[in-house]
Amino acid sequence: MACSAARGTTSALVQYAKLLRDQLPAGSAESNATEAFFPMYTVRANVLLEMAEVVPHEQLKTAKLLVEFDESLGNAAFVSHEWVGHHHPDPEGKQLRVLQDALKHMLSNLQQIPLDAFTEFYFPSAQPLPASHLRVAPLYIWYDYFSCPQLEFPILGTGPESPRPNLAKAVDSIPAYIARCKFFFALCPVVETSPLGKVFTTFSWNDRAWCRTERVLRELTPNDPWIIMIKSSTELELTSSFAPFFVVQPAGEGHFTDDKDRMKLAPVFQRALLCKMKLLLKSLDVVGYRFLLNKQNVYLRGFDASAVYDLVPGFTPDPVLGTDTAACAAQQFLFQNGFTTIDQFSGGWSALHFAALRGDPLVIQGLLQLRANVDRWTRRSQPITGVPAGCNALGICSFFKHHDCMRLLITARAPVDSGLHPVLAGPAVADDPEAIRILCAAGGRVFKVSLLGDASFDYSTAFGTMAALEELVTQAGTKIELRQISLNRSLYVASAGRGGSAEVIMRLIELRADLNATLRPNKPLRAFFATLGLQYQLGKRTLMTRWGYHYGGQTPLMAAVMSGQFEGAAALIAAGARLDLRNCRKWTAADFARGHSVPDFLTEALFHGQPEGCLRVTASALANARLEL
């Protein structure tokens, strides 16, 4: 139906965008989301390659090895990583050696950095990164211990824990540093540290609030939101920060060592979001603006900060369309988004889909009063949301943890099991037990599968979401569908995907999954794998085509080694996975490690039959998982 209150709002939106473009030329202070309060110190890549240990900023500065970065010098790379020591980021130099070897690999004869399997599968238009892009200009590295003051003393007269002024300025400048870097490295190899009794992995990196902050701020810069994941010297993946496993993990819900950082970062995110929205409007990217406008609540979750939804001036409600609060909220929503009709699509999404992304029950109620279709599906995958084509509004709400909106849509008779994907897939990926309970109470089927045969258990284990997995087990109860064949598939998917934590692996084995079972695909998945395998044989070498070529007879251990899920591989070996089995190409698990950089504990087990390191790593990972829970 037409909405007279919204009529002409597209021109109002465009007029405002043109006004912004004229008032805020590129490079003006107001058009930039970030400001640096401390120089951007970097080290040349060739200098980093010669380092024997990680030394502090002051020592490098004294040795004249720091360079104040300027874009005229070349390109910069921001290194996001966890500190693996109490008072030193890398006391044994384990991360440094991986970073050095990975840089040598990228700067030598590497042709491209491949997409991770999920990005390649869900967003087929995405392309690998030619490694030559890293070699076209001199490369400078920003690394916190090198680039930020470490040894300065607190201001005279204050306590030892008081802020250090230059360090504080450098930390406050991190958003600006990220914006100036052409490349973003996530340095997250498996590192075992005896002093801390911990194992650091991609899972722990993504749990840290500061690491999430760096990743999200990367999304909100004008640069492409691509991350080069460094899992070992040779295991490199190009991942979008908009990948489903990142989209539903906002910085505010990560682990803060000091909760004062949460308060400090709230206005940083507010400003970054506002400036990115204005940047999109200035470039007349109305579709991108709509997605970011309505995703603000997700970005700000966990912070004491409010989203800004009234950027476009001039809204006046139309009493003909209703005067109650919900009607006015819906009219303002349509006005701010530039929709002229309730059924209008933008970027493959309808107005109700955008409202589901925002998660405001009042707006959804108003749109329902205007007769919005509750079962209209998204027509296109949108990377910024992590939502594929074929989802309805209820599925979007369940992915983004909008529980009140879910209940409202269910009351409005939104079909629970509609869409191309199992409705429980969203909360399974988002690790949201409450959404799973809401959907199951409304008739959602735990064992509904996608076209390729994936059930909600597979989505949960693929992303390593333990709380969701436990809720799915509870909902399944003693149903016959929770049989070994389903669990076997989930174990394989966890090992091949991003869910290969020791905790997930051991829980599935506890539930009676066979740790040596192979994948039994349905007909569509067999056809899909056959196509991928043929592409591999014809010379297309990606992570997905390699998977399609090798999947036949491949055990979870083989899949974990091939996909770089080294913690999961250690857990499988610790649980007794056989090392002598071969897949359809006659490869053993050791063959998948041959020619690649894998941790010492895996080398010892796969090539020398010594599982003690895997047992130690698994025990440490499980102990820390229980502690965090």
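Quick note on numbering: the working numbering labels position 357 of the sequence shown as 364, and the sequence is numbered without any gaps. Positions of the beta carbon are idealized from the N, C-alpha and C atoms, including for glycine.
- Annotated three-state conformation of serine 115 is coil, per DSSP.
- Proline 137 carries a strand assignment under DSSP once its states are collapsed to helix, strand and coil.
- Every beta strand (DSSP E) stretch that sits fully inside the region 192–277 and reaches 3 residues is listed by chain position as 198–200, 205–207, 233–237, 243–247.
- Take the alpha-carbon of methionine 551 and the one of arginine 533: they are about 14 Å apart.
- At the C-beta level, asparagine 213 and glutamine 256 come within 9 Å of one another.
- Out of Gly100, Tyr23, Cys188, the CA that lies nearest to the CA of leucine 141 is found in Cys188.
- Apart from sequence neighbours up to five positions away, the residues of its chain that approach leucine 203 with a beta-carbon distance below 8 Å are Val91, Gly92, His93, ordered along the chain.
- Relative to the Cα of threonine 418, the nearest Cα in the group Leu579, Ile403, Ile445, Pro395 belongs to Ile445.
- Residues of the same chain with a CB within less than 6 Å of the CB of threonine 595, apart from the 5 flanking positions on each side, are Arg589 in chain order.
- Per DSSP, the continuous alpha helix (DSSP H) segment holding leucine 299 begins and ends at 293–307.
- The three-state secondary structure of serine 313, taken from DSSP, is coil.
- In the same chain as leucine 158, and ignoring 5 residues on each side of it, the C-beta atoms closer than 7 Å to its own belong to Pro63, Glu65, in chain order.
- Taking the Cβ atoms as the reference, glycine 451 lies roughly 5 Å from valine 423, within the contact range of under 8 Å.
- Taking each of Glu611, Phe535, Arg387, Ala314 in turn and checking the Cα distance to glycine 355, the smallest one comes out for Arg387.
- It is roughly 7 Å from the alpha-carbon of valine 54 to the alpha-carbon of leucine 72.
- Between arginine 215 and isoleucine 185, the CB-CB gap reaches or exceeds 9 Å.
- In this structure the region 123–133 lies against the region 240–249, because at least three pairs of beta carbons, one per stretch, are closer than 8 Å.
- Between the alpha carbons of proline 390 and alanine 70 lies a gap of roughly 44 Å.
- In this model, isoleucine 371 and aspartate 350 are separated by some 14 Å (Cα to Cα).
- Using a 10 angstroms sphere on the CB of leucine 458, the tally of other CB atoms stays under 16, which defines it as exposed.
- 9 Å or more divides the Cβ of valine 86 from the Cβ of tyrosine 23.
- Glycine 471 places its beta carbon 9 Å or farther from that of arginine 519.
- Excluding its 5 nearest sequence neighbours in each direction, cysteine 335 has C-beta neighbours in its own chain below 8 Å: Pro324, Gly329, Gly373, listed in chain order.
- If the five residues before and after histidine 603 are omitted, its C-beta is found closer than 8 Å to the C-beta atoms of Ser239, Thr241, Glu242, all from its own chain and listed in chain order.
- Look at the region 500–525 and you find these whole runs of alpha helix (DSSP H), each 4 residues long or longer: 509–517.
- If you ignore the 5 residues before and after leucine 103, its C-beta comes within less than 6 Å of the C-beta of Val61, Asp97, all in its own chain and listed in chain order.
- Per DSSP, reduced to three states, the secondary structure at glutamine 389 is strand.
- Nearest to methionine 284 by C-alpha distance, out of Arg496, Thr228, Ser497, Lys455, is Thr228.
- When the Cα atoms are used, valine 315 and leucine 281 turn out to be separated by approximately 8 Å.
- Around the Cβ of arginine 553, a 10 Å sphere holds 16 or more other Cβ atoms; the residue is buried.
- Residue state for serine 457 is assigned as coil, using DSSP reduced to three classes.
- If the five residues before and after glycine 100 are omitted, its C-beta is found closer than 8 Å to the C-beta atoms of Ala59, Glu60, Val61, all from its own chain and listed in chain order.
- The three-state secondary structure of histidine 88, taken from DSSP, is strand.
- Here the region 521–530 makes contact with the region 492–507; the two share three or more CB pairs at distances below 8 Å.
- With fewer than 16 other Cβ atoms inside 10 Å of its own Cβ, glutamate 42 counts as exposed.
- For aspartate 521, the CB contacts under 7 Å within the same chain, skipping 5 residues up- and downstream, are Gln491, Asn495 in chain order.
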